[in-house]
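Student: Numbering (our numbering), first residue to last: 78 to 756. Please see the structure below; I have some questions.
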DNA sequence: GAGCACTGC
């Protein structure tokens with residue numbers, strides 16, 4: 078399979094930087110083929126169809142199965158139909174979970190077409206804000222988070238005869254918790270003599286042993302995908318500057334390859350991608366005659382949707398598309414026509430350290446699994462080529478798998494959910510990959526401080542407040558803030574603020590338009606901090622009919638703003654269901670800030686005599702983030718939404734508070750902290 | 001004095 082050769086892809090390119098040679102390997106990865114043939118024929122043409130009878134036989138017999146199949150095997154669309162057509166578990170619903178909303182929606186649409194039934198009848202989907210199912214629905218696609226929510230109401234998942242956990246290799250927090258939930262539900266249903274629960278884990282070719290072992294040595298079935306050969310080139314020497322290396326590779330390929338073949342480059346973040354976009358465009362302008370044109374497109378999540386869509390558009394004849402992407406291009410967005418992938422081997426990812434309860438965002442090496450995922454993007458329609466900007470020796474030293482998210486994040490929400498699910502002992506919950514005891518302990522401590530839990534005879538139980546908190550699709554401290562708000566007569570305002578905080582930033586901040594933005598934003602700015610400023614922006618948005626034009630004029634992300642509005646009405650409905658009084662504080666902003674102080678007291682920082690800030694909880698030196706309206710101010714005491722560790726440790730989204738309010742909110746906590754500070 | 005990978009309820 079592998080054949081080494083000293084074949085640099087091009088020798089003509091000159092930028093004054095040395096060329097570096099690559100060594101070559103060929104591997105087979107899966108791809109999908111587009112087709113215009115009728116649906117039934119397409120179903121029969123899928124690689125999985127040959128195995129249909131055998132597969133149905135196996136699925137009928139087994140309680141748990143791990144199904145390994147590469148992209149293009151058709152497993153996600155076909156297995157639910159096979160179960161249904163064979164009448165397996167006819168008495169219940171077949172659930173298929175997905176990590177992403179768009180996937181759940183498009184798969185449901187696809188399968189309902191194949192079954193020639195209207196979407197929402199036999200085949201439906203459930204995602205946040207959207208439930209397209211009915212009494213008739215037997216095959217239901219849903220996000221993993223949605224199934225987890227449903228489990229809080231019924232931990233035995235009684236409505237379902239089968240649960241298919243798809244894309245299990247991605248190991249999202251939600252999928253990882255679901256592993257434990259479905260395993261426990263299956264066992265419990267058996268013990269109680271109820272109808273059995275079939276569990277099917279679907280994954281790309283990774284982690285097989287771990288999945289199988291966890292599900293009581295479940296058999297592993299392999300499905301073939303459609304294979305397209307991919308040539309892999311490693312650099313012969315380690316590259317000290319991966320950006321420079323990527324740049325050279327792009328133009329080497331550009332000189333050699335037919336212009337219809339597009340290039341996808343994996344980089345780490347917005348800033349880097351914008352800079353590289355500019356450099357590529359500048360160089361492309363001055364290429365010698367006779368070379369193809371080049372269209373360079375950035376791709377990252379916070380890019381406005383209109384610009385994201387550009388990567389799907391065709392280019393004029395004789396023009397090559399070069400897409401510079403974050404890891405959004407690994408799984409979330411699939412671009413057709415990619416022939417070449419350039420993998421820098423770097424990624425920006427979050428790490429969590431429980432001792433400082435800090436989340437750190439840092440550029441680091443990808444795992445082998447991630448590198449393969451990137452490589453696979455080159456061979457989706459046809460054979461492809463992947464340039465890895467690292468040596469084969471370096472690759473061998475990469476971690477095998479990306480550390481699952483559950484071992485890299487704050488577990489407060491997860492622990493609250495497990496408690497709401499009535500898991501007997503959350504400290505010993507059967508995670509497939511156990512988080513560290515420190516992280517679990519830190520989460521329990523947080524929930525305790527929020528008043529969500531109490532200890533009773535060595536058991537941790539949910540308080541009535543904690544039970545209410547679990548009803549909100551929010552981080553526990555946000556739920557708590559909402560539940561406190563009636564006391565301060567400002568629930569309407571707090572609902573707006575919490576909704577604003579719980580989605581991505583609604584503010585666009587392109588550096589090129591900084592002065593313009595500052596002028597426009599002036600009218601909303603509150604000296605009391607970002608929360609009140611955001612509230613002002615939301616109020617204006619709402620009063621002016623939620624208009625898109627208004628958003629554009631004010632550099633507000635209208636997509637995120639609409640999401641805020643949806644989240645708000647969802648949260649408000651939950652409040653109504655709890656019979657919470659919902660009042661508006663109108664012009665009184667003090668109440669709102671008091672309420673925030675009571676909810677976010679754990680995130681407090683105080684001004685020191687030298688003009689710097691220190692967190693109250695861990696005495697960590699912190700600074701006000703440049704995006705804050707308080708950036709140039711020095712309030713004595715603030716609460717913040719989150720800490721972000723980049724070049725410094727920054728507080729984001731701040732609110733000015735009185736120290737007295739904080740002592741009122743948690744007297745015991747602050748008495749203890751004060752003592753520690755003095756020692 | 002200066003900056004934010006990606007999902008999801």
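Quick reminder that beta carbons are idealized off the backbone N, C-alpha and C, glycines included. Keep in mind it's a predicted model, so treat the numbers as computed, not measured.
Closer than 8 Å by C-beta to residue 107: which residues in its own chain qualify, once you throw out the five before and the five after it? Chain order, please.
Tutor: If you number the first chain from 1, residue 107 lands on position 30. Note that residue 107 scores 45 on pLDDT, short of 50, meaning its location in the model is unreliable and no value can be drawn from it.
Student: Quick check on residue 254: does DSSP put it in helix, strand or coil?
Tutor: One-based indexing of the first chain puts residue 254 at position 177. If DSSP states are grouped into helix, strand and coil, residue 254 belongs with the helices.
Student: Please report the Cβ distance between residue 219 and residue 204, rounded to the nearest whole angstrom; I am assuming they are in contact, meaning their Cβ atoms lie under 8 Å.
Tutor: Working through the first chain from its first residue, we reach residue 219 at position 142. Working through the first chain from its first residue, we reach residue 204 at position 127. Going by Cβ atoms, the distance from residue 219 to residue 204 rounds to 7 Å, so yes, they are a contact pair.
Student: Would you mind working out which of 168, 476, 504 sits nearest residue 489, comparing C-alpha positions?
Tutor: Along the first chain, read from residue 1 onward, the residue named residue 489 stands at position 412. The shortest Cα separation from residue 489 among 168, 476, 504 belongs to 504.
Student: Confirm, please, whether the CB-CB distance from residue 228 to residue 202 is below 7 Å.
Tutor: Here the question's residue 202 lines up with position 125 in the first chain. Here the question's residue 228 lines up with position 151 in the first chain. It is not a contact, given that the beta carbons lie outside the stated cut-off.
Student: To the nearest whole angstrom, what separates the beta carbons of residue 179 and residue 153, a pair I think is in contact under 8 Å?
Tutor: Taking the first chain and counting its residues from 1, one reaches residue 179 at position 102. Taking the first chain and counting its residues from 1, one reaches residue 153 at position 76. About 14 Å separates the two Cβ atoms, so there is no contact after all.
Student: Between which two residues does the alpha helix (DSSP H) carrying residue 134 extend?
Tutor: Residue 134 sits at position 57 when you count from the first residue of the first chain. Element bounds for residue 134: 129-138.
Student: Of the residues 708, 748, 535, 138, which one's Cα is nearest the Cα of residue 606?
Tutor: Along the first chain, one-based indexing puts residue 606 at 529. The shortest C-alpha separation from residue 606 is found at 708.
Student: Can you give me the Cβ contacts of residue 520 inside the same chain, cut-off strictly under 6 Å, excluding the 5 residues immediately before and after it?
Tutor: Numbered from 1 along the first chain, position 443 holds the residue referred to as residue 520. The residues are 488, 489, 492.
Student: When you compare each of 629, 263, 138 to residue 586 by their alpha carbons, which one comes out closest?
Tutor: Within the first chain, residue 586 is the residue found at index 509, counting from 1. Of 629, 263, 138, the residue nearest in Cα terms is 629.
Student: Compute the Euclidean distance between the alpha carbons of residue 747 and residue 341, then round it to the nearest angstrom.
Tutor: Working through the first chain from its first residue, we reach residue 747 at position 670. Working through the first chain from its first residue, we reach residue 341 at position 264. Rounded to the nearest angstrom, the two C-alpha atoms are 52 Å apart.
Student: Excluding the five sequence neighbours on either side, which residues of its own chain have a C-beta within less than 6 Å of the C-beta of residue 155, listed in chain order?
Tutor: Translated into positions along the first chain, residue 155 becomes position 78. Once the five neighbours on either side are set aside, the close Cβ partners of residue 155 are 125.
Student: For residue 252, collect the residues of the same chain with a Cβ closer than 8 Å to its Cβ; drop the 5 residues on either side in sequence, then sort them by chain order.
Tutor: Taking the first residue of the first chain as position 1, residue 252 is located at position 175. Taken in chain order, the residues that qualify are 174, 176, 221, 242, 244, 245.
Student: Please state if the CB of residue 197 and the CB of residue 507 are separated by a distance shorter than 7 Å.
Tutor: Here residue 507 refers to the residue found at position 430 of the first chain. Here residue 197 refers to the residue found at position 120 of the first chain. No; because the gap between Cβ atoms is not below 7 Å, this pair is not in contact.
Student: Could you tell me if the beta carbon of residue 315 falls within a distance shorter than 6 Å of some heavy atom in the ligand NAP?
Tutor: Looking for the ligand NAP in the displayed structure turns up nothing, as the structure carries no ligands at all.
Student: How about residue 419 and residue 326: are their beta carbons less than 7 Å apart?
Tutor: In the first chain, residue 419 corresponds to position 342, counting from 1. In the first chain, residue 326 corresponds to position 249, counting from 1. Contact flag set, yes.
Student: Assign residue 503 to one of three DSSP states: helix, strand, or coil.
Tutor: Indexing the first chain from 1 puts residue 503 at position 426. In the structure shown, residue 503 sits in a helix (DSSP, three-state: H, G or I).
Student: Since residue 171 and residue 215 should fall inside the 8 Å C-beta cutoff, what is the C-beta to C-beta distance between them, to a whole number of angstroms?
Tutor: Here the question's residue 171 lines up with position 94 in the first chain. Here the question's residue 215 lines up with position 138 in the first chain. Yes, residue 171 and residue 215 are in contact; Cβ-Cβ is about 6 Å, under 8 Å.
Student: Could you tell me whether the Cβ atoms of residue 757 and residue 733 are closer together than 7 Å?
Tutor: For residue 757 there is no data in the structure shown, the boundaries of the chain being 78 and 756.
Student: What are the start and end residues of each continuous alpha helix (DSSP H) run of 4 or more residues lying completely inside the segment 321-357, in chain order?
Tutor: DSSP runs (the alpha helix (DSSP H)) wholly in the segment 321-357: none.
Student: Should the segment 331-351 be regarded as contacting the segment 398-410, the criterion being three or more beta carbon pairs within less than 8 Å?
Tutor: These segments touch.
Student: Once the 5 residues before and after residue 512 are set aside, which same chain residues still bring their CB inside 7 Å of it?
Tutor: Within the first chain, numbered from 1, the residue matching residue 512 stands at position 435. Closer than 7 Å at the Cβ level, and outside the excluded window around residue 512, lie 483, 484, 488.
Student: Can you list, in chain order, the residues of its chain whose CB lies under 8 Å from that of residue 372, leaving out five sequence neighbours each side?
Tutor: Along the first chain, one-based indexing puts residue 372 at 295. For residue 372, where only same-chain residues beyond five positions count, the Cβ hits under 8 Å are 392, 396, 397, 398, 399.
Student: Hey, residue 274 and residue 266 are a contact pair by Cβ (cut 8 Å); roughly how many whole angstroms apart?
Tutor: Residue mapping note: residue 274 aligns to position 197 of the first chain, counting from 1. Residue mapping note: residue 266 aligns to position 189 of the first chain, counting from 1. So it is a contact: roughly 5 Å between Cβ atoms.
Student: Bridge partners for residue 396 per DSSP, in chain order?
Tutor: For this step, residue 396 is matched to residue 319 along the first chain. According to DSSP, residue 396 bridges with 370.
Student: With residue 681 and residue 739 assumed to form a contact (beta carbons below 8 Å), what rounded beta-carbon distance in angstroms separates them?
Tutor: What you label residue 681 is simply residue 604 of the first chain in a count that begins at 1. What you label residue 739 is simply residue 662 of the first chain in a count that begins at 1. Residue 681 to residue 739, Cβ: 6 Å. Contact.
Student: Beta carbon of residue 558, beta carbon of residue 676: below 7 Å?
Tutor: The residue given as residue 558 occupies position 481 in the first chain. The residue given as residue 676 occupies position 599 in the first chain. Yes. Within cutoff.
Student: Here's a check: name, in chain order, each residue in its chain whose Cβ is nearer than 8 Å to the Cβ of residue 112, leaving out the five neighbours to either side.
Tutor: The residue labelled residue 112 in the question sits at position 35 within the first chain. With a pLDDT of 44 at residue 112, under the threshold of 50, the predicted position of this residue should be treated as unreliable, and no value is reported.
Student: Mapping the DSSP letters down to three states, classify residue 108 as helix, strand or coil.
Tutor: Translated into the one-based positions of the first chain, residue 108 becomes position 31. Confidence in residue 108 is poor, its pLDDT being 40 and thus under 50, which makes the residue's placement too unreliable to answer from.
Student: Please identify the residue among 370, 741, 547 whose C-alpha is closest to the C-alpha of residue 225.
Tutor: Locating residue 225 in the first chain gives position 148, counting from the first residue. Residue 547 is the option with its Cα nearest to residue 225.
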